[in-house]
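Engineer: Pasting a structure here, questions to come.
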């Protein structure tokens, strides 16, 4: 039989701030959002509510009601921290925990009787664990999550709903206690239904006919039944390894040896759960008291110590720490590595780890913009291409593979001049006769053209040119272009 | 002449000659040959002269070619080629030295030769003059043998193609199909 506990921390945001600043406990405290003078109260502590301060009120109004009021601006970090603390406390009682939202956690306590004791002992333990992380919770235990939650929210510090007593407990609870949506609640109010007991008394079939699935769900909740799946909270693992040093390291070789030890520990942990690192964060504690942080992105998920160490080393060579190192911390961002087997008759390609290392070295040598796999772009411009990341994989577009599968004749290639070289051309009868470039003058022995091309005339980058293939007296065979917009000649490239 | 014969596994092939003699066309034919059979190649381009659209038309699978542009720095090009030949898995590493032929000492050429042999890759060098001398398994000198024009004379409208004469200067090691001193003819369509 299912059995659930619900731990609820009233005024959760205020409790999160009291947890971070214990001196605020029992003092009237409000958490505000927005900037003065339009800052509004987002949450008020129990002490503040005694002064009739409520969320939604302006800060000025709240201060007017309580001159000793303590005001703090909203902090997501503090609230998230308290939320995680609440979940971790619940996980010490049961491994099946559901995050119900800020300040609310559902715990599956079925089967804990022999381990902990009866329901009251379980509830007592949950209260103590939550209290240990600096929060004060009310706990309800019932056979369904909704009943446990409403028992925690409406009852004393510990409420155990006896088996079958859910309906009686919920009978007097107002409709607004359930999160049904404003439209549905207005409908029920229009029918004269004010409490969950009255809602539970409505005929189920008629409710389904009139309101559909939403009506049936509301009826179930009013009866204390949970149909929603239990979404188990799985805490994210914390992949971090660190090593504090009793001496100062100034050389990269010595530092690499230390990093290798830390890295081995980290990758061993990753290997146990069959995940790999997608990126590695390196944090060096310096003798000057500051930190030197580097993020090393990996080309593919891996836990290869040699590869990661090489990448870290290369990164530190270009970004060395400004002072001696006294501590090393490594964090891995894990990812599931999906191995992709090569095709059966595929020639061997560079191993991933070798390729990643090679690309890093080449990038350091020639720059990131000068390295990759070329890809053609859909353009009329004959020299248009993009340079994308190189993976060595086959083209994904089947049309590209089909084109390559043909048997084209051997083609004469053009060695493109980048950028095109400005030249001086003398013409006769509309055809090039003499070419002067870089101080040399050559006679045109033969030429073919013009091939008139243009593009992007609809844009500010319009271009239009006549292209000529010419054979020069110095044996060069080249392509010339006459820019018709600028009236310039340039050398596109040499045939070779 | 078949492009596959130019790709000597574990050896260096040098293609040298004047401009417009067909060196780049031979190199692209090698790239096509390698990428067509699913292998991976790398091209070290010193002067940024590679024409991707022309190579794609010639049948090269561009996604299988790692293109490294060296900003007209021959020293960087040599360093990049050295890194590439030490990475196993590339069936072909092509080095285009551009307009200027860099200086390579005998010791450097020997180390390059050993690295190529160890990685069992093929290094094809396109250059103006010979670069690695005795380090090459195959050295070919190219020269142009005429070109054809299409269209009515005396004003033809299209370059139809050009021919190359490929003289074998050196053939050692794996390049057993080539005899030094022999001359082979090749034709390239425009």
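Protein chains in written order, with this note's numbering: chain A, -14 to 481; chain S, 36 to 225. Ideal placement from N, C-alpha and C gives every residue a C-beta, glycine not left out.
Given this structure, state the Cα-to-Cα distance separating residue 50 of chain A from residue -5 of chain A, to the nearest angstrom.
Structural biologist: If you take the alpha carbons of residue 50 of chain A and residue -5 of chain A, they lie about 21 angstroms apart.
Engineer: Any idea which residues DSSP pairs residue 268 of chain A with across the strands?
Structural biologist: The partner list for residue 268 of chain A (beta bridge, DSSP) reads A/278 and A/314.
Engineer: Does the Cβ-Cβ distance between residue 260 of chain A and residue 281 of chain A come in under 8 angstroms?
Structural biologist: Contact flag unset, no.
Engineer: What residue range does the beta strand (DSSP E) around residue 412 of chain A cover?
Structural biologist: Element bounds for residue 412 of chain A: 399 to 413.
Engineer: Quick one: what's got a C-beta closer than 8 angstroms to residue 216 of chain A's C-beta in the same chain, skipping five residues either side?
Structural biologist: Contacts found: 83 and 84.
Engineer: Please name the residue in A/222, A/378, A/337 and A/461 whose C-alpha comes closest to that of residue 288 of chain A.
Structural biologist: Here the closest residue by C-alpha is A/337.
Engineer: Mind checking the region 140 to 160 of chain S against chain A and listing, in chain order, the residues whose C-beta falls within less than 8 angstroms of any C-beta there?
Structural biologist: Residues: none.
Engineer: Quick one: which chain A residues come within Cβ less than 7 angstroms of residue 170 of chain S?
Structural biologist: Neighbours of residue 170 of chain S on chain A: none; closest Cβ ~22 angstroms, over 7 angstroms.
Engineer: What's the C-alpha gap between residue 209 of chain A and residue 152 of chain A?
Structural biologist: Cα to Cα, residue 209 of chain A sits roughly 6 angstroms from residue 152 of chain A.
Engineer: So residue 86 of chain S contacts chain A; which residues on that side make the cut at Cβ distance below 8 angstroms?
Structural biologist: By Cβ distance, chain A contributes 368, 398, 399, 400, 401 and 478.
Engineer: Can you tell which of A/400, A/93, A/166 and A/434 has the C-alpha that lies nearest to the C-alpha of residue 134 of chain S?
Structural biologist: Here the closest residue by C-alpha is A/400.
Engineer: Is the shortest distance between the beta-carbon of residue 173 of chain S and the beta-carbons of chain A less than 8 angstroms?
Structural biologist: No, residue 173 of chain S lies away from the interface with chain A (no Cβ there is under 8 angstroms from its Cβ).
Engineer: Within this structure, are the beta carbons of residue 466 of chain A and residue 452 of chain A separated by less than 8 angstroms?
Structural biologist: Yes, the pair counts as a contact, with Cβ atoms nearer than the cut-off.
Engineer: Just to confirm my understanding: we take residue 480 of chain A, look at its own chain, exclude 5 residues before and 5 after, and list those with CB closer than 8 angstroms. What are they?
Structural biologist: Around residue 480 of chain A: 397, 398, 399, 400, 454, 462, 463 and 464.
Engineer: In chain order, which beta strand (DSSP E) runs of at least 3 residues are fully inside the region 137 to 201 of chain S?
Structural biologist: Qualifying beta strand (DSSP E) stretches, in chain order: 157 to 162 and 173 to 185.
Engineer: Use the C-beta contact count for residue 257 of chain A: other C-beta atoms within 10 angstroms, 16 or more gives buried, fewer gives exposed.
Structural biologist: Exposed, by the Cβ-count rule.
Engineer: Near residue 374 of chain A, which residues of its chain fall below 8 angstroms by C-beta distance, leaving aside the five closest residues on each side in sequence?
Structural biologist: Same-chain partners within the cutoff: 357 and 358.
Engineer: So, do the region 151 to 169 of chain A and the region 121 to 139 of chain A have three or more beta carbon pairs nearer to each other than 8 angstroms?
Structural biologist: Yes, since at least three Cβ pairs between the region 151 to 169 of chain A and the region 121 to 139 of chain A fall closer than 8 angstroms, the two stretches touch.
Engineer: Roughly how many angstroms lie between the CA atoms of residue 38 of chain A and residue 180 of chain A, to the nearest whole one?
Structural biologist: Rounded to the nearest angstrom, the two C-alpha atoms are 27 angstroms apart.
Engineer: Distance, Cα to Cα, residue 50 of chain S vs residue 181 of chain S?
Structural biologist: Approximately 19 angstroms between the Cα atoms of the pair.
Engineer: Quick one: residues in its chain with C-beta nearer than 7 angstroms to the C-beta of residue 385 of chain A, no 5 flanking neighbours on either side, listed in chain order?
Structural biologist: Any reading at residue 385 of chain A needs caution, since the residue's pLDDT is 49, under 50, leaving its predicted position unreliable; the model's value is listed next. Answer for residue 385 of chain A: no residue qualifies.
Engineer: For residue 493 of chain A, does the three-state DSSP call read helix, strand or coil?
Structural biologist: Nothing can be reported for residue 493 of chain A: it is not among the residues displayed for chain A, which extend from -14 to 481.
Engineer: Residues in the region 198 to 224 of chain S with C-beta within 8 angstroms of chain A's C-beta atoms, listed in sequence order?
Structural biologist: Here the close residues are 221, 222, 223 and 224.
Engineer: Less than 8 angstroms between the CB atoms is what I'm expecting for residue -8 of chain A and residue 124 of chain A, so what's the real figure, rounded?
Structural biologist: Correct: roughly 5 angstroms between the Cβ atoms.
Engineer: With distances taken from CA atoms, which of S/137, S/225 and S/101 is nearest residue 372 of chain A?
Structural biologist: For residue 372 of chain A, the nearest C-alpha among the options comes from S/101.
Engineer: How far does the beta strand (DSSP E) with residue 227 of chain A in it reach, from first residue to last?
Structural biologist: Note, residue 227 of chain A: beta strand (DSSP E), 225 to 234.
Engineer: Under the rule that 16 or more other beta-carbon atoms within 10 Å means buried, what is residue 81 of chain S, buried or exposed?
Structural biologist: Classification of residue 81 of chain S: buried, given that the 10 Å Cβ count is 16 or more.
Engineer: Can you tell me whether residue 177 of chain S is buried or exposed? The criterion is at least 16 other CB atoms within 10 Å of its CB, across all chains shown.
Structural biologist: Residue 177 of chain S should be labelled buried.
Engineer: Helix or strand or just coil, what does DSSP make of residue 174 of chain A?
Structural biologist: Note: residue 174 of chain A maps to helix in three-state DSSP.
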